[in-house]
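The opening position of the sequence shown corresponds to residue 272 in the working numbering, with each subsequent residue numbered one higher. Step one of this worksheet: look at the structure below.
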Amino acid sequence: MTPQTTDSSNQHIAFIGGGNMASAIIGGLLKRGLPASQIQVVEPFAEQRARLAQQFQIEVSETAGASLARATLAVWAVKPQTFRQAAEQSRAHTQAALHLSVAAGIRSSTIAGWLGTERVVRAMPNTPALIGQGMTALFARPAASAADRLAVERVVQTTGQYLWLDEEAQLDAVTALSGSGPAYVFYFIEAMIEAGTDMGLSREQAQQLAVGTFAGASALAHEATEPPEVLRARVTSKGGTTYAALTSMEQDGIKEKFMQAMHAARQRASEMGDEFGAA
272 MTPQTTDSSN QHIAFIGGGN MASAIIGGLL KRGLPASQIQ VVEPFAEQRA
322 RLAQQFQIEV SETAGASLAR ATLAVWAVKP QTFRQAAEQS RAHTQAALHL
372 SVAAGIRSST IAGWLGTERV VRAMPNTPAL IGQGMTALFA RPAASAADRL
422 AVERVVQTTG QYLWLDEEAQ LDAVTALSGS GPAYVFYFIE AMIEAGTDMG
472 LSREQAQQLA VGTFAGASAL AHEATEPPEV LRARVTSKGG TTYAALTSME
522 QDGIKEKFMQ AMHAARQRAS EMGDEFGAA
């Protein structure tokens, strides 16, 4: 996962969909040196098109057209429920391209069928990609070559870290863990802020303390050689304040409920593949 300089000599990237994730990737590509002239976006909403053109000085269009035939890589950054329609509109123009999907749930076999090509890679990123701190899991269909994988890596590493999966089914678990994970973190930060204000802190103080604590603890977990349970034990003295808090959580079954919630997210990811990928 060593950062690589974007090879722009023979690359043209078309984004179908121009929302937040597409914007994060586009911004990263431009920072790494890909010329704006080698990026285009198909985006149906006028407000989004105006924003993209102003922010990145790239080519934007409302509908798919012959210009998509230039694409060496097509990035599908559309909502799952609109993927099929977008694929039908673009298919005739993207036959020669490698396809990278960041849409949740839609299986690579379904995407391959919609697009008429087996050169498909699925990605599950998360929202910290917006600041270059994302975590992306990748799965490639067998027809995707080593060169295809490298091309995808050069794109996704502009938004943070990435890893490859051996089995596509693992993407549902990734969706539940890292894909939805930022929302869990924000949820716990919210709870800590509310508790802090209940205990007499101002909202500004509580937010600074909560956000700083999560940032510091995450950095420590990233740098440490010990697993998280060891780090937790180090700050949990029996009879102390942390011990009291964790004991209360354990008595209320917080860990089990949290794990149940993640399983619900994984199940929903699997259901989306059936729901939006149905014929």
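The beta-carbon is built from N, C-alpha and C at its ideal position, and this holds for glycine as well.
Helix, strand or coil for residue i? Go by DSSP, reduced to three states.
i: S451; result: coil
i: L442; result: helix
i: T273; result: Note that T273 has pLDDT 43, beneath the 50 cutoff, so the model's placement of it is unreliable and no number is given.
i: M543; result: helix
i: V312; result: strand
i: M406; result: strand
i: A516; result: helix
i: A317; result: helix
i: G548; result: coil
i: L305; result: coil
i: M463; result: helix
i: A375; result: coil
Terminal residues of the continuous alpha helix (DSSP H) containing residue i?
i: L401; result: L401 -> no alpha helix (DSSP H), and no H or E assigned at all.
i: S489; result: R474 to E494
i: V427; result: A417 to V427
i: P351; result: P351 to S361
i: I382; result: S379 to L386
Where does the unbroken beta strand (DSSP E) through residue i begin, and where does it stop?
i: Q432; result: G431 to W435
i: V506; result: Premise fails: V506 is in no beta strand (DSSP E) and is neither H nor E.
i: L301; result: Here L301 belongs to no beta strand (DSSP E); instead the alpha helix (DSSP H) covers N291 to K302.
i: E330; result: E330 to S332
Tell me whether the beta-carbon of residue i lies closer than 8 Å to the beta-carbon of residue j.
i: A375; j: G450; result: yes
i: H364; j: W347; result: no
i: A394; j: V373; result: yes
Based on the DSSP secondary-structure assignment, which residues constitute the bridge partners of residue i?
i: Q522; result: Answer is none; Q522 lacks a bridge partner.
i: H534; result: BP columns for H534 are empty, so no partner.
i: S286; result: For the sequence presented, residue 286 should be read as Phe rather than Ser. Paired residues: V312 and V346.
i: S338; result: None, per the DSSP bridge assignment.
i: H370; result: A345 and V391
i: A411; result: V392
At the 8 Å Cβ level, is residue i part of the contact set with chain D, yes or no?
i: D419; result: Absent here is chain D; the protein component of the structure consists of one chain.
Using 8 Å for Cβ pairs, my map puts residue i next to residue j. What's the rounded Cβ distance?
i: I287; j: A307; result: In fact, because the Cβ distance is near 18 Å, the residues do not count as touching under 8 Å.
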